[in-house]
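In the working numbering, the protein residues as written are 2 to 257. From the three backbone atoms N, C-alpha and C, an ideal C-beta is built for every residue, glycine too.
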C-alpha cells in the first residue's frame, strides 16, 4: 500500500472514532501497570539480567497525560488531525524472549513444573489492501477461536492484548462491541461485547515494554503463564496483530 503501520493505524483510528485522549489514557495505564509490576517483584524471575541491566528503560513510571499531550503526531504530521504519537505507539526495541513448550510427560520426566497449558490457537487474515483495517485481523482470530471453544468473553479471566498502538487496541475493543461489525465481518448475530478493563494487560504491555519483533509473542506468553499462577486465575486470552493484515490469538489455561 505504500503506507507504514502507523499510517494505517491512523486511518483505523479515524474510521472508529478513537480520540487522542483515549489513546494517551491507555498508554499511561500500560506504563503505570508495568512499573508497578517491576516494583512488586513480578518480573524478578522473568527477566534475565544482561551486562548489569535488570530493568527495561522504556517503562516510564513518571509519565503523565500532560507529558503525553505535548507530543507531536508521529505519522500524520501535516493534516492537523494526527492522533498517534511516540507516546501512544509502541517503540521498536531490542530484546529477546524464550518459552519452553513441551508435552506434559516430557516436562514431568525432567522434573520441570508445568505452569500453564496452551490449549488453543487461531490465525486469521483480512483484506487490508481493499479497505479492511491493517491491524484488525485479531478481531477475527479471537472470534473464530471463541466459536471453536464455545466460550465467551465472560469465560475469560485475563486478557493480554498486544499494544502495537493504543489505537489498535481501542479499535479492536470497539469492533467487538459493534453490532454491524459483528454481523458483517465476524458473522455473529450478537456482538462479542464489552471486556472489563480491569482484566486487560494488568501488568502492562507493549506500549510500556516495547516491541522487539518476533520476541513479543514469547514475552506475552511467558508473562501470561506466570500471571495465571500469580493471580490464581484459570483462563487467559492472548491477541496479537501483525503486519500484513494478520492476527493471532491463543487460549492459555493455568495448570492445576
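Under the three-state DSSP convention, the category residue i falls into
i: residue 166; result: strand
i: residue 189; result: coil
i: residue 66; result: helix
i: residue 117; result: strand
i: residue 129; result: helix
i: residue 201; result: strand
i: residue 161; result: strand
i: residue 143; result: helix
i: residue 30; result: helix
i: residue 61; result: coil
i: residue 11; result: helix
i: residue 111; result: coil
Residues bridged to residue i (per DSSP)
i: residue 86; result: 74
i: residue 249; result: 124 and 241
i: residue 255; result: 117
i: residue 54; result: 51
Sequence-distant residues of its chain with Cβ nearer than 7 Å to residue i (five each side left out)
i: residue 145; result: 123 and 125
i: residue 138; result: 125, 126, 127, 242, 246, 247 and 248
i: residue 35; result: 60, 204, 205, 209 and 210
i: residue 163; result: 206, 207, 217, 221, 240, 241 and 242
i: residue 195; result: 178
i: residue 171; result: 19, 23, 24 and 27
Other residues of its chain near residue i: CB distance less than 8 Å, five sequence neighbours each side excluded
i: residue 47; result: 223, 224 and 227
i: residue 7; result: 75, 76, 85, 90 and 166
i: residue 336; result: No statement about residue 336 is possible, as the shown extent of the chain runs from 2 to 257 and does not include it.
i: residue 180; result: 192
Presumed contact (8 Å Cβ cut-off) between residue i and residue j, rounded CB distance
i: residue 213; j: residue 140; result: Contact flag wrong, Cβ pair sits at about 24 Å.
i: residue 135; j: residue 129; result: 4 Å
i: residue 28; j: residue 88; result: 6 Å
i: residue 219; j: residue 100; result: 5 Å
i: residue 31; j: residue 202; result: 6 Å
i: residue 159; j: residue 229; result: 7 Å
Contacting residues, own chain, Cβ-Cβ under 6 Å from residue i (five flanking each side not counted)
i: residue 14; result: 84 and 168
i: residue 176; result: 140 and 182
Would you check if there are 3 or more beta carbon pairs closer than 8 Å linking the region 101-110 to the region 146-166? no
Is the region 236-255 in contact with the region 111-121, if contact means three or more CB pairs nearer than 8 Å? yes
Are three or more beta carbon pairs between the region 49-68 and the region 234-248 nearer than 8 Å? no
Are at least three pairs of beta-carbons, each pair with one atom in the region 181-192 and one in the region 36-46, less than 8 Å apart? no
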